[in-house]
Amino acid sequence: MVELYGGAVTTTLPVGIVDVSDMRQVPDNQEVFIIEEGDKDISIIFDLLEQVDAQDINTALKMHIDDMLETNQFTMIEEIALKFLDTKIHTCYVNSNNSIHLISLIRLSKVETDIVISMHVASSDINFVKDKYYGVFKAAGQNYNIKNWDLFN
């Protein structure tokens, strides 16, 4: 397990992943990691964001994607239950500018927070990205565990 936000959250990430905060400053609401693998540019970002005012998950995803990318068009992959939280994680992908962006959203209404987990892979081949990286991305979201809820105060 990898600790995020000073140990307030844990999740599963692959061995050898690089914590970007060891190289440069990262905003307090973010945790950023890179996978060093040849010439591929791969990053995983965990964002704690103010919950957007959306009535359904698709609208919430569109709002967050619109803030991150130049599009809000996405394709849903799946909705799965989290192992440690009593909620679901909703995962989609966006194919934009020769990159695949895997994006998951966890809505925590009781603390008015949206957790956005994103993986950015410099490839336009969704099948390659799903085969090679989706398992890592899915495990990071599915094993997201809040150890200290004071993080949201």
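Take 351 as the starting number for the sequence shown in this note's numbering and just add one per residue. Even for Gly, the Cβ is constructed at its ideal location relative to N, Cα and C. Since the structure is predicted, the reported quantities are computational estimates derived from the model, not experimental observations.
Rounded to whole angstroms, what is the Cα-Cα separation between residue i and residue j?
i      : j      : result
VAL368 : ILE384 : 5 Å
ILE496 : ASP436 : 11 Å
HIS451 : ASP500 : 30 Å
SER454 : VAL466 : 6 Å
ILE392 : MET469 : 7 Å
ASN408 : ASP481 : 25 Å
MET373 : ILE394 : 15 Å
THR360 : PHE396 : 11 Å
TYR483 : LYS390 : 12 Å
ASP417 : LEU399 : 11 Å
Please classify residue i as buried or exposed, where buried requires at least 16 other C-beta atoms within 10 Å of its C-beta.
i      : result
PHE424 : buried
GLU381 : buried
ALA490 : buried
ALA431 : exposed
GLN492 : buried
PHE502 : exposed
Where do the ends of the beta strand (DSSP E) carrying residue i lie?
i      : result
VAL359 : 359–361
VAL479 : Premise fails: VAL479 lies in the alpha helix (DSSP H), 476–492, not in any beta strand (DSSP E).
VAL352 : 352–354
So, at 8 Å on beta carbons, what are the nonlocal neighbours of residue i in its own chain, with the 5 sequence-adjacent residues on each side left out?
i      : result
VAL479 : TYR443, ILE450, LEU452, VAL471, SER473
ASN379 : ASP397, LEU398, LEU399
THR421 : ILE415, VAL444, SER446
GLY357 : LYS497, ASN498
Please list, in chain order, all residues of the same chain as residue i whose beta carbon is under 6 Å from its beta carbon, the five residues on each side excluded.
i      : result
GLU429 : LYS438, HIS440
TYR355 : LEU501
Please list, in chain order, all residues of the same chain as residue i whose beta carbon is under 7 Å from its beta carbon, the five residues on each side excluded.
i      : result
MET413 : VAL402, ALA404
LEU419 : VAL444, SER446, HIS451
Check: Taking only runs of the alpha helix (DSSP H) that begin and end inside the segment 388–463, which ones reach a length of at least 4 residues, in chain order?
Finding: Within the segment 388–463, complete alpha helix (DSSP H) segments of at least 4 residues are found at 407–418, given in chain order.
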